[in-house]
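Q: Residue numbers (our numbering): 507 to 1284.
1. So, does the region 911 to 925 touch the region 981 to 1000, judging by three or more C-beta pairs under 8 Å?
2. Give the C-beta separation of residue 1266 and residue 807 to the nearest angstrom, bearing in mind that I take them to be a contact with Cβ-Cβ under 8 Å.
3. Since residue 848 and residue 902 should fall inside the 8 Å C-beta cutoff, what is the C-beta to C-beta distance between them, to a whole number of angstroms?
4. With a 10 Å radius around its C-beta and 16 neighbouring C-beta atoms as the bar for buried, classify residue 1133 as buried or exposed.
5. With a floor of 4 residues, list each alpha helix (DSSP H) that falls wholly inside the region 1141 to 1199, ordered by position along the chain.
6. How many whole angstroms separate the CB atoms of residue 723 and residue 569, which I take to be in contact at a CB cut-off of 8 Å?
7. Quick one: grab the DSSP three-state call for residue 1005.
8. By how many angstroms is the C-alpha of residue 621 removed from the C-alpha of residue 522?
9. Just to confirm, are residue 754 and residue 649 a CB contact at a threshold of 8 Å?
10. Looking at the secondary structure, which residues open and close the alpha helix (DSSP H) in which residue 573 lies?
11. Looking at the unbroken beta strand (DSSP E) that takes in residue 546, where does it start and where does it end?
12. Considering only C-alpha positions, which residue in the set 758, 827, 854 is nearest to residue 798?
13. Can you give me the C-alpha to C-alpha distance between residue 553 and residue 1194, rounded to a whole angstrom?
14. Per DSSP, what kind of secondary structure is residue 744 in: helix, strand or coil?
15. Quick one: is residue 914 buried, meaning 16 or more other Cβ sit within 10 Å of its Cβ, or exposed?
16. Is it right to say residue 1294 is buried, meaning 16 or more other beta carbons lie within 10 angstroms of its own, or is it exposed?
17. For residue 736, which three-state DSSP category applies?
18. Which residues in the same chain have their Cβ closer than 7 Å to the Cβ of residue 1199, if we skip the five residues on either side of it in sequence?
19. Kindly indicate which three-state DSSP category residue 525 falls into: helix, strand or coil?
20. Tell me the DSSP bridge mates of residue 966?
21. Between residue 732 and residue 1281, is the Cβ-Cβ spacing less than 8 Å?
22. So is residue 879 in contact with chain C if we call contact Cβ pairs under 8 Å?
23. Consult DSSP for residue 1121 and reduce its assignment to one of helix, strand or coil.
24. Thinking C-alpha only, which one of 1146, 1144, 1136 is nearest residue 1159?
25. Rounding to the nearest angstrom, what Cα-Cα distance links residue 563 and residue 868 in this structure?
26. Rounded to whole angstroms, what's the CA-CA distance from residue 872 to residue 940? Just pull it up for me.
27. Among 612, 708, 1256, 557, which residue has its Cα nearest to the Cα of residue 551?
28. Compute the Euclidean distance between the alpha carbons of residue 965 and residue 883, then round it to the nearest angstrom.
29. Within 8 Å, do at least three Cβ pairs link the region 763 to 775 to the region 734 to 745?
30. Using the rule of at least 16 other Cβ atoms within 10 Å of the residue's Cβ for burial, across every protein chain shown, is residue 975 buried or exposed?
31. Looking at the strands, I want to know which residues DSSP matches up with residue 815.
32. Could you tell me the alpha carbon to alpha carbon distance between residue 1275 and residue 1268, rounded to whole angstroms?
33. For residue 1129, which residues from the same chain have a beta carbon less than 8 Å from its beta carbon, with the 5 sequence-adjacent residues on both sides left out?
34. Go to residue 728, then tell me how far its alpha helix (DSSP H) extends in each direction, as first and last residue.
35. Out of curiosity, what's the CA-to-CA distance linking residue 832 and residue 1244?
36. Is it right to say residue 963 is buried, meaning 16 or more other beta carbons lie within 10 angstroms of its own, or is it exposed?
This is the structure in structure tokens:
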């Protein structure tokens, strides 16, 4: 017996309620994670819609994940009538069970789902959580009834790699344990199913002799993706729970066994739920304090951010480290994604220790100056095909140091940063090396994808971008600038000032001639000396040269206070135009960039203001690629990118005219003949469109920064409006990976780390600008 559940935790920071019709929408999905890469996933109503639905548990955190459960089996008996409360789609629009028609609604409390059903006057409420590091999912049932009722509980079980399906029902053994409160489901892996009853509440239970049966399940989202859509699970009813008149409570805990780990048991599921609810409220409070923005968007996305922070077991060592899952349900941890998302997931939310651990993980994984692009989901190793992962690591390291003032960590990491830059300067894998003629970074070799536009279909690299991509040049400048600023702040001499100066001048070749672009660079841009000597505290992004080592974390010792105390510039990486200046908003007075003229129809592709790429021609000369892509916004949002006000305004007009949508930026102008507006169907179709017009939310964060750098606060807020609304449209409380270019239908992972991180970061940036504007008016 378990003690009678106590009142649930404090009032949540975020809540969203769905009526019965909305709650039945199978496109609304909920995610619960255990901090080890494992998760519980389902539609809001509890209907499994993917092969990833149910419970997936990591055998080597955060990878090697296996599915154990697709859905609980729930049948309510009222009098002589049995009503299945679960719902399994067995063919398109055909369901086993009456879970949908009995729904009265659902509520998300700090992203913990609660489902309510009404049957013959009996109310059944089900809450869920995934206790930390447990590999388990907890179901809490509360029944209110004027008459005695019986609730039969069990499950629909599987035993497989989470990416696959059973073509026939798996051969599983069901062993009822002494006492009758636990059943062990045995295949290649073990699942433990435990029933918990509160003490003294009059609720009793009878164990059933398991009689497993085959149950077909149809996964509608897998069908839409051209993946295998039918699976055969092994169903079994395990207990009959007798609830007296007046009602009662019961809990079902399903746990996938993780051999060789100190896996905690869930001894008291009600206490576990209360602890998880309290932890989530504390995450929201922490983010409110750190960001200085106290609203429901921050609370919701701060809790969502926690889902992506996972322990990584270091194979062959007794230690573990922290990493970032790129997206649920199918991605593992990716280096590029982790470094881009780090600011929003940890620095904005005040989770500085986690930020340091993540940086340590990827600094410790460097190979020939490159970070892992992705760790393989089977736990066998990692791929290093990325040119930007290590450069984003340099950016993230500087943001962390400036936010926290953690001098000891910065001092320890500086040699690794310099070694990283040395490899890039002298040359490393995949043709990555600095060009001695202009200081820019070139990269690429046949058959290898290196930038974030990284689709490869067999031998076809869809968007190769070999040469000198624009955002890679901006990242290269930012990494060199980070080394200079950190060195100066630590009292050391920068090592790459000359390279930074050459690259700064070389960047001018990416601008159109009508805006001053030349192969020799743009002399009207910010003086190179300003970039080479970032020691003035008054300069944008300048750092206090005082005592970086002061205190255990040295908070505030860089002269930039943590978020929530005025330290916007250091945390959020505002680029070159003075967000750190207290007179910024009043100086610009909310001046608006002229609205772009109507887009003309033309047979030729539109020509960008800032080239997306410098690519070598047959004679070895560098030729600009004028495709209109969002990489220009990414480049201009970084702190060392040379740009005049006129150039920045021209890029803004390009993006507004060609790329901006309510939910992110197109990856290619719709007026480009190569544009593909349909993201859906089989993988070949999806991958071909992935970066050829599909809309991505995460680059919108950079565009918001660029707008704010020009005083465009209202347009920045308007640009975010669609995504803050989207939080409740797909992966509930999160932001999707992509959207179809034409229909703007959510696609890819419904829960994506850098989407969540960048929307949160951008929202806080705009909210802080709005606060400053209000203060200036008062």
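We put the CB at the ideal spot given by N, CA and C, even for glycine.
A: Working from what's here:
1. yes
2. 4 Å
3. 5 Å
4. buried
5. 1151 to 1164, 1189 to 1195
6. Actually they do not touch by this definition, with Cβ atoms about 25 Å apart.
7. helix
8. 12 Å
9. yes
10. Taken as a continuous stretch (DSSP letters only), residue 573 belongs to no alpha helix (DSSP H), being part of the beta strand (DSSP E) at 569 to 584.
11. 545 to 549
12. 854
13. 30 Å
14. strand
15. exposed
16. Only positions 507 to 1284 of the chain appear in this structure, which leaves residue 1294 out of reach.
17. strand
18. 1172, 1173, 1174, 1176, 1181, 1182, 1183, 1247
19. coil
20. 963
21. no
22. In the structure shown, chain C does not exist; there is a single protein chain.
23. strand
24. 1136
25. 24 Å
26. 19 Å
27. 612
28. 22 Å
29. no
30. buried
31. 830
32. 11 Å
33. 1120, 1121, 1122, 1123
34. 726 to 730
35. 13 Å
36. exposed
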